[in-house]
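In what follows, a single structure is set out as structure tokens and then discussed.
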Amino acid sequence: MAKTVLVVDDAAFMRMMIKDILTKNGYAVVGEAENGLVALEKYKELNPDLVTMDITMPEMDGITAVREIRKIDPGAKIIMCSAMGQQAMVIDAIQAGARDFVVKPFQPERVVEAVSKAIG
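Residue numbers (full-length UniProt numbering): 1 to 120.
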């Protein structure tokens with residue numbers, strides 16, 4: 001069975017791009033969310049194998065969402081995807097429990113590598 005992924009980004013175009021990369025590589029995108037609050041609800045509902053999470057979003061940012069998801073499921077596998085490759089953000093994301101960090105604009109190979117490394 002294909003590994004399931006929840007794609008979280010406030011930009012519909014980015015969600016579409018990530019979804020496209022993942023489905024072409026055999027992953028099943030089971031849900032999408034446009035902010036951290038929606039991501040939290042979808043995570044509880046769908047229990048995906050992996051989450052790709054943007055950092056800067058309205059309502060609830062990605063780092064807060066990672067912390068909240070990890071409270072529900074300490075074993076959650078989350079990869080941060082963000083245009084901001086600032087050191088502090090990367091460190092915050094990893095400390096919050098993210099497994100990896102992919103910088104936009106994406107290299108499809110890098111996205112696939114991060115995902116397969118996180119879910120094995």
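Even for Gly, the Cβ is constructed at its ideal location relative to N, Cα and C.
Query                                                                        : Result
Anticipated Cβ contact below 8 angstroms, Ile78 with Ile69, distance rounded : 7 angstroms
As assigned by DSSP and simplified to three states, the class of Ala33       : strand
Beta bridge counterpart(s) of Val5 as assigned by DSSP                       : Val29, Leu50
Pro58 beta carbon less than 7 angstroms from that of Val30                   : no
Three-way DSSP call (helix, strand, coil) for Asp20 in this model            : helix
Top-ranked residue by Cα proximity to Ala33, from Ala98, Glu45, Asn25, Met1  : Glu45
Contact check, Cys81 vs Val102, beta carbons under 7 angstroms               : yes
Helix, strand or coil at Met80 [DSSP, three-state]                           : strand
Asp92 and Ala114 closer than 7 angstroms at C-beta                           : no
C-beta contact flag for Asp54 and Val90 at 7 angstroms                       : no
N- and C-terminal bounds of the alpha helix (DSSP H) containing Asp92        : 87 to 96
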